[in-house]
Every structure is written in C-alpha cells, then in structure tokens.
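Data block below; observations after.
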Amino acid sequence: MLTDDQLMGIRKRDMAELKEIKVKLPVQYLINLHYLKLTSSQGISDVVTQALTEYFTAQSLPLEPRNKAQ
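Sequential numbering of the sequence shown, starting at 6, is according to the numbering used here.
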C-alpha cells in the first residue's frame, strides 16, 4: 500500500546527504579555517563539519552521523 507522501511524489530527504551552502565569514575566521586545514591535513569542509559538530553537541542539538563513503 502506498502512503500519501508516495502518492503525492514527496521524497523524504536523506539526512546524511551533503549540501553546499554559501556563507559570509569574517576574514579572521577564514584565516583560522585555513590554518586548521594546513595543520590538520583536512579539507576546509571537514574542518567546518568538525567545528559545527562540536558546537551542536555543546548545544545539545541532535546530530546525524556523516556517511564517510561520500
């Protein structure tokens, strides 16, 4: 039996799907991100993901595990 969502063609979002956003940051934040990128051998996306994960954890907000296969 089809659900109402399936009948209407509504696709449930994959919460592990990566999305791209554009943000404006103070120059010092960009310098700090670049420094972390160079010293940790990670990409800026990984550094930002790590920082946001730590922030959201401190705020007691739910986190979806990131799929490392992507």
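We put the beta carbon where it would ideally sit given N, CA and C, even for glycine.
Secondary structure at Val28: coil, using DSSP grouped into helix, strand and coil. Remark: C-beta atoms of Leu38 and Val52 approach each other more closely than 8 Å. DSSP places Leu68 in the coil class of the three-state scheme, outside both helix and strand. According to the DSSP assignment, Gln55 belongs to the alpha helix (DSSP H) that extends over Ile49 to Ala63. The three-state reading of DSSP puts Leu23 in coil, since its state is none of H, G, I, E or B.
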